[in-house]
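K.L.:
Below is a structure I'd like to ask you about.
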DNA sequence: CCGTTCGTTCTCCATCAGAGAACAGCAATC
DNA sequence: GATTGCTGTTCTCTGATGGAGAACGAACGG
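Chains as they are written, first to last, in this note's numbering: chain H, 1 to 254; chain L, 255 to 508.
As structure tokens, this is what we get:
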């Protein structure tokens, strides 16, 4: 059905469980009957899965409707805080945001995508919690690009093949050759810019967070083009990010 | 095994999946063989589950070891931000923490336990991220008590039966009768105190967050007994909490 | 170069996940 | 207040599949 790469070596029950979880998430408040219809299973089967999940707190029933349970938050919080970059970079996040006055972000990559681990927006212009915890494609994002630039070429190829290079704006890099040039530029300079490639009217700079020769994440500052111009990205903001990245690199190495 | 309440109406594969997830969490970096031993399953079975999870990002392999994947963080973040109290109370959290100078907490309950949804500690004395996302028993916690006080008696009984009244310190309430007196007192006053009942040398006050007659959570301030004395709890801190709770109650009602 | 240990794949069988029907609980309708 | 029409839950049955165990292959170290 949805996931196919499992082939014959996966566990089908797990697949259905994940489908149910995803359907509960999408619905946010849904009954057994409707849920069963959404995942193409018998009511009884869905009910069994839900009961099991309920016993473990992954799902709760509020006014007759199933919702994801806080156990997910528990596991999620654990997962975030055990990312080495997270604890290493968290203090810097706060500082950079308040010093520069612009939104500041921490990202990691996994499976060819990046995720915002956390962010601060001193101006409260951006809903930080809407972005934190969400996946982004790497090619249209300063953090993603700076991470890509530090991966092996074979990995980059895999990622491009798997996720493509979709256009977010008309500035987005959409072909492999241009991407490679850009990544080369990033490697030379040691930082990545994003000039309206992800969102119109949004610029950003990112530096890599490196531990033992491998990229563990990226730190970036982003803001509207009228405040965050290219010169500022490559000047004040970059300086601040680089200083933080050096510190973080040290603390990652212990 | 671990979860038994499922009886015959649960899905056994899901139980094993959850066991594997939990084992991966506990180990934080573990191979198939060791994992299989920890959950008492054949290597091949564990491997199949891990493959399926990997396809969905719930698990990742880093240097030959399995870890929980950021997909958990994604679901967790979603779960937290869709809790109505969370977005309603988040701004207040920040404000109260900076105004009072003491650690401030937001909790909700689920399945007879409370969880810290978020917290702020202006003094950086407490590792906030270690508490956020963790479950706590309700009876030894100001937030837990104030929530308990607003539940139906049958619910309180269930909770006490299920989770007991374990002693955290020698001030902890450990019998049902004393708890009932305390809850009655909390209902009369409209707030709950915690005077060294959870941790020695730690006091706290909490107020309930109520929406349409039902408790959705609690807001609390906590600190070391030498700074956060009972008088301060029932004075300045309580005033601040009550003001915030009123606002939040309104915004919960839209 | 061989022995060990890991992860992965394969095959086979008893179990159990899933379907479907029946039952129960609740609301609204007449 | 009986009836209808929805739910969620429980039951029973059966074919598919999860789990065991063995075999394979890769990585490592002596």
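Just so it is clear, CB atoms sit at the ideal spot from N, CA and C, and this is done for glycine as well.
(1) Taking C-alpha atoms, which residue in 101/H, 95/H, 188/H lies nearest to residue 223/H?
(2) In chain order, what residues of the same chain have a beta carbon less than 7 Å from the beta carbon of residue 425/L, not counting five sequence neighbours either side?
(3) Could you give the first and the last residue of the continuous alpha helix (DSSP H) run that contains residue 300/L?
(4) Does residue 248/H get closer than 9 Å to chain L when you measure Cβ to Cβ?
(5) Just mark residue 204/H as buried or exposed, buried being the case when its beta carbon has 16 or more other beta carbons within 10 Å.
(6) Can you tell me which residues form a DSSP beta bridge with residue 215/H?
(7) Judging by CA-CA distance, which residue of 25/H, 160/H, 188/H is the nearest neighbour of residue 177/H?
(8) Check the C-beta distance from residue 420/L over to residue 391/L and give it rounded, since I have them as a contact under 8 Å.
(9) By DSSP, does residue 118/H sit in helix, in strand, or in coil?
(10) Quick one: which chain L residues come within Cβ less than 8 Å of residue 53/H?
(11) Locate the beta strand (DSSP E) running through residue 417/L, then write down its first and last residues.
(12) Which residue comes first and which comes last in the alpha helix (DSSP H) that contains residue 129/H?
(13) Considering only residues of the stretch 50-115 of chain H, which uninterrupted alpha helix (DSSP H) runs meet the minimum length of 4 residues and lie entirely inside it, listed in chain order?
(14) Does the beta carbon of residue 129/H sit closer than 9 Å to a beta carbon anywhere in chain L?
(15) Run through DSSP, which three-state label would residue 193/H get?
(16) With a threshold of 8 Å, are at least 3 pairs of Cβ atoms found where one atom belongs to the stretch 400-412 of chain L and the other to the stretch 482-496 of chain L?
(17) So the alpha helix (DSSP H) residue 288/L belongs to, where does it begin and stop?
(18) With burial defined as no fewer than 16 other Cβ atoms inside 10 Å of the residue's Cβ, what is the status of residue 266/L: buried or exposed?
(19) Tell me the rounded alpha-carbon separation between residue 358/L and residue 496/L.
(20) Less than 8 Å between the CB atoms is what I'm expecting for residue 111/H and residue 311/L, so what's the real figure, rounded?
(21) Reducing DSSP to helix, strand and coil, say where residue 220/H ends up.
(22) Classify residue 136/H as helix, strand or coil using the three-state DSSP reduction.
(23) Whose CA, out of 279/L, 461/L, 270/L, 286/L, lies closest to the CA of residue 326/L?
(24) Please state if the CB of residue 66/H and the CB of residue 31/H are separated by a distance shorter than 9 Å.
(25) Can you tell me whether DSSP reads residue 458/L as helix, strand or coil?
(26) Is the number of C-beta pairs between the stretch 335-343 of chain L and the stretch 43-52 of chain H that are closer than 8 Å three or more?
(27) Near residue 42/H, what residues of its chain come up, given a Cβ to Cβ distance below 8 Å and the 5 sequence neighbours on each side ignored?
(28) Rounding to the nearest angstrom, what Cα-Cα distance links residue 270/L and residue 300/L in this structure?
P.N.:
From the atom records:
(1) Locating residue 223/H in the first chain gives position 223, where the first residue counts as 1. Here the closest residue by C-alpha is 101/H.
(2) Numbered from 1 along the second chain, position 171 holds the residue referred to as residue 425/L. Excluding positions up to five away in sequence, the list reads 449, 450, 451.
(3) Counting from one through the second chain, the residue named residue 300/L turns up at place 46. Residue 300/L -> alpha helix (DSSP H) spans 297-309.
(4) Locating residue 248/H in the first chain gives position 248, counting from the first residue. False, the Cβ-Cβ gap to chain L never drops below 9 Å.
(5) The residue you call residue 204/H lines up with position 204 of the first chain. Buried, by the Cβ-count rule.
(6) The count along the first chain starts at 1 and reaches residue 215/H at position 215. According to DSSP, residue 215/H bridges with 210/H.
(7) Sequence index remark: in the first chain, residue 177/H carries index 177 (1-based). Minimum Cα distance to residue 177/H is reached at 160/H.
(8) Locating residue 420/L in the second chain gives position 166, where the first residue counts as 1. Locating residue 391/L in the second chain gives position 137, where the first residue counts as 1. Correct: roughly 7 Å between the Cβ atoms.
(9) Looking up residue 118/H in the first chain gives position 118. In the structure shown, residue 118/H sits in a strand (DSSP, three-state: E or B).
(10) Residue numbering aside, residue 53/H sits at position 53 when the first chain is read from its first letter. Result: 268.
(11) By one-based count along the second chain, residue 417/L stands at place 163. Residue 417/L -> not in any beta strand (DSSP E); alpha helix (DSSP H) instead, spanning 407-417.
(12) Position 129 of the first chain, counted from the first residue, corresponds to residue 129/H. 128-131 is the extent of the alpha helix (DSSP H) around residue 129/H.
(13) Secondary structure in the stretch 50-115 of chain H: the alpha helix (DSSP H) runs of 4 residues or longer, each lying completely within the stretch, are 70-81, 84-100 in chain order.
(14) Residue mapping note: residue 129/H aligns to position 129 of the first chain, counting from 1. Yes - at least one Cβ of chain L is within 9 Å of the one on residue 129/H.
(15) As a working mapping, residue 193/H is identified with position 193 in the first chain. The answer is strand: DSSP assigns residue 193/H an E or B state.
(16) no
(17) Here residue 288/L refers to the residue found at position 34 when the second chain is read from its first residue. Counting along the chain, the alpha helix (DSSP H) containing residue 288/L begins and ends at 286-293.
(18) For the purposes of this step, residue 266/L is taken as the residue at position 12 of the second chain. With fewer than 16 other Cβ atoms within 10 Å, it is exposed.
(19) Start at 1 with the first residue of the second chain, and residue 358/L comes out as number 104. Start at 1 with the first residue of the second chain, and residue 496/L comes out as number 242. Within the model, the alpha-carbon separation for residue 358/L versus residue 496/L is close to 13 Å.
(20) Your numbering for residue 111/H matches position 111 in the first chain. Your numbering for residue 311/L matches position 57 in the second chain. Their Cβ separation, rounded to whole angstroms, is 6 Å, which keeps residue 111/H and residue 311/L in contact under 8 Å.
(21) Reading the first chain from its first residue, position 220 is the one you call residue 220/H. Note: residue 220/H maps to strand in three-state DSSP.
(22) Against the first chain, residue 136/H aligns to sequence position 136. Three-state result, residue 136/H: strand.
(23) For this step, residue 326/L is matched to residue 72 along the second chain. Here the closest residue by C-alpha is 279/L.
(24) Here the question's residue 31/H lines up with position 31 in the first chain. Here the question's residue 66/H lines up with position 66 in the first chain. Yes, the Cβ-Cβ distance between residue 31/H and residue 66/H is below 9 Å.
(25) One-based indexing of the second chain puts residue 458/L at position 204. DSSP places residue 458/L in strand when its eight states are reduced to three.
(26) Under the 8 Å Cβ criterion, the stretch 335-343 of chain L does not count as touching the stretch 43-52 of chain H, having fewer than three qualifying pairs.
(27) Looking up residue 42/H in the first chain gives position 42. 36.
(28) Reading the second chain from its first residue, position 16 is the one you call residue 270/L. Reading the second chain from its first residue, position 46 is the one you call residue 300/L. So the alpha carbons of these two residues sit roughly 9 Å apart.
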